[in-house]
Structure formats: C-alpha cells, structure tokens
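One structure is given below, encoded as structure tokens.
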Amino acid sequence: MVQGIAKAALFAVAASTGAQSHVVAAPVYQLRVYELYPHSKAAFHVRFRDHATRIMRRHGFEIVAMWESGTAEKPEFAYLLRWPDEARMKAAWSAFMADAEWARIKRETPAEHRPIVGAIQDRTLRLTDYSPTVK
Numbered sequence: 001m002v003q004g005i006a007k008a009a010l011f012a013v014a015a016s017t018g019a020q021s022h023v024v025a026a027p028v029y030q031l032r033v034y035e036l037y038p039h040s041k042a043a044f045h046v047r048f049r050d051h052a053t054r055i056m057r058r059h060g061f062e063i064v065a066m067w068e069s070g071t072a073e074k075p076e077f078a079y080l081l082r083w084p085d086e087a088r089m090k091a092a093w094s095a096f097m098a099d100a101e102w103a104r105i106k107r108e109t110p111a112e113h114r115p116i117v118g119a120i121q122d123r124t125l126r127l128t129d130y131s132p133t134v135k
C-alpha cells in the first residue's frame with residue numbers, strides 16, 4: 001500500500017514537471033561492501049556480529065542480509081540495509097559513527113588484527129517502479 005502511494009506521488013511529480021522517472025521514492029536500500037584481510041577476517045566477523053550489528057540496530061538500522069564474497073586471498077563482506085528514506089539513513093549513520101561504545105570497540109581492536117577493514121564501497125539503491133517486490 002505504502003509503495004503504491006509512493007509510486008503514485010512520484011508519477012504525479014514526474015507528470016507535472018514533464019520528466020519521466022522510474023524510481024520509487026521509498027524505501028531506500030543501501031549496499032555496503034567491505035574489503036577484508038585474510039589475517040583479520042575472523043576478528044572482523046566477531047566484531048561485526050557481536051558488536052556492530054547490535055549497535056546498528058540500536059540506531060534504527062534494518063539489516064536485510066549479510067554475505068561473504070571475494071576469494072580466499074581477497075575476502076569481502078557485503079550487507080544490505082533497508083531504510084524508510086534517505087534522511088533516516090543519513091541520520092542513523094551519523095548517530096552510529098558518533099556512538100561512544102562503537103568508538104571504544106574500534107579503538108580496542110587488538111593491534112595484531114589491524115587493519116581490520118580496507119576499502120568500503122557504499123551504494124544507495126532506489127527501487128524502480130517495475131522492480132519485483134522486495135520481501
């Protein structure tokens with residue numbers, strides 16, 4: 001129902017401006033892919049599973065799924081988040097990054113596991129009006 005209302009509103013705006021858009025305003029998904037290191041992969045998973053996910057949920061993150069990808073030499077960790085809108089996504093990330101407990105946990109990562117994460121890819125995904133329903 002909400003997605004139908006969002007589609008109708010988006011089409012109304014597109015019609016009034018003469019533009020044609022195939023993007024649905026909400027919800028918004030976020031795909032994050034972390035480069036991991038073989039020496040610290042296990043420590044990363046412990047930290048993410050035992051700490052990051054709990055703190056993220058406290059700040060309103062809805063984690064849809066998590067995957068391991070890449071190769072043994074170049075492991076990656078990917079996860080998908082669902083947000084009601086981009087404003088909520090930005091606010092939640094700001095709160096998470098400012099969280100004192102998260103800052104402490106990152107500081108306390110043992111030296112032998114550093115660096116624990118390499119490059120991070122971050123993609124905001126907006127559904128198209130012809131996308132299958134995401135469950």
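Going by UniProt numbering, the first residue of the sequence shown is number 1, and it counts up by one from there.
Glycine residues also receive a C-beta, built at the ideal position from the N, C-alpha and C atoms.
It should be emphasised that the depicted structure is a prediction, and the values quoted were computed from it without experimental measurement.
- Here DSSP, grouped into helix, strand and coil, assigns Ile116 to coil.
- If you draw a straight line from the Cα of Ala42 to the Cα of Ser21, it comes to about 43 Å.
- Nearest neighbour of Ile116 by Cα position, chosen from Asp122, Glu101, Arg107, turns out to be Arg107.
- The Cβ-Cβ distance between Phe77 and Leu127 does not fall below 7 Å.
- For a cut-off of 8 Å, the C-beta gap from Asp122 to Gln30 is around 7 Å, short enough to register as a contact.
- Residue Arg88 holds the alpha-carbon nearest to the alpha-carbon of Ala25 among Arg88, Ala111, Arg104, Ile120.
- The C-alpha of Asp85 is placed about 6 Å away from the C-alpha of Pro27.
- Checking the DSSP bridge columns, you'll see Pro75 partnered with Gly70.
- As a beta-bridge residue in DSSP terms, Arg32 pairs with Tyr79, Asp122.
- Judged by DSSP in its simplified three-state form, Val134 adopts coil rather than helix or strand.
- Taking Glu101 as reference, the option from Val46, Ala65, Leu81, Ile55 with the minimal CA-CA separation is Ile55.
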